[in-house]
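Numbering (my numbering) for the sequence shown: 7 to 95.
What follows is one structure encoded as structure tokens, with my remarks underneath.
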Amino acid sequence: MDSNTKVSQTELNRLFWHSRRGMLELDVLLVPFVKEVYPELSAEDQARYRKLLSCEDQDMFGWFMRRNSPEDSDLKYMVDMILTRAQNP
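This is how it looks when you write it as structure tokens:
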């Protein structure tokens with residue numbers, strides 16, 4: 007983890023609201039992740055998370071329910087990271 011990566015409270019607040027998708031299955035994964043893990047991520051992983059937030063809810067739902075997998079390696083990496091964290095809090 008890159009300790010030089012500082013996240014402003016404004017950015018965290020914005021990401022918190024973007025992580026609230028209105029779909030319970032996504033909210034229970036994304037909201038705790040952005041609050042508890044995102045600030046400690048490397049700049050590259052923070053960029054991957056922001057990229058994930060730009061995806062459609064239905065796509066993310068399928069990925070997180072393991073019905074399919076993202077073709078993009080950055081998105082797959084982030085989905086796997088979030089699922090692993092959810093299984094091992």
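Just so you know, even glycine gets a beta-carbon here, dropped at the ideal spot from N, CA and C.
- Item | Three-state secondary structure assigned by DSSP to D80 | helix
- Message: Tell me the rounded alpha-carbon separation between M84 and A49.
- Response: 13 Å
- Message: Taking only three categories from DSSP, how would you classify L47?
- Response: coil
- Query: From D65 to P45, what does the alpha carbon distance come to, in whole angstroms?
  - Reply: 25 Å
- Task: Would you mind sorting R54 into buried or exposed? The rule is 16 or more other CB atoms within 10 Å of its CB.
- Result: A residue is called buried once 16 or more other Cβ atoms fall within 10 Å of its Cβ, and R54 is buried on that count.
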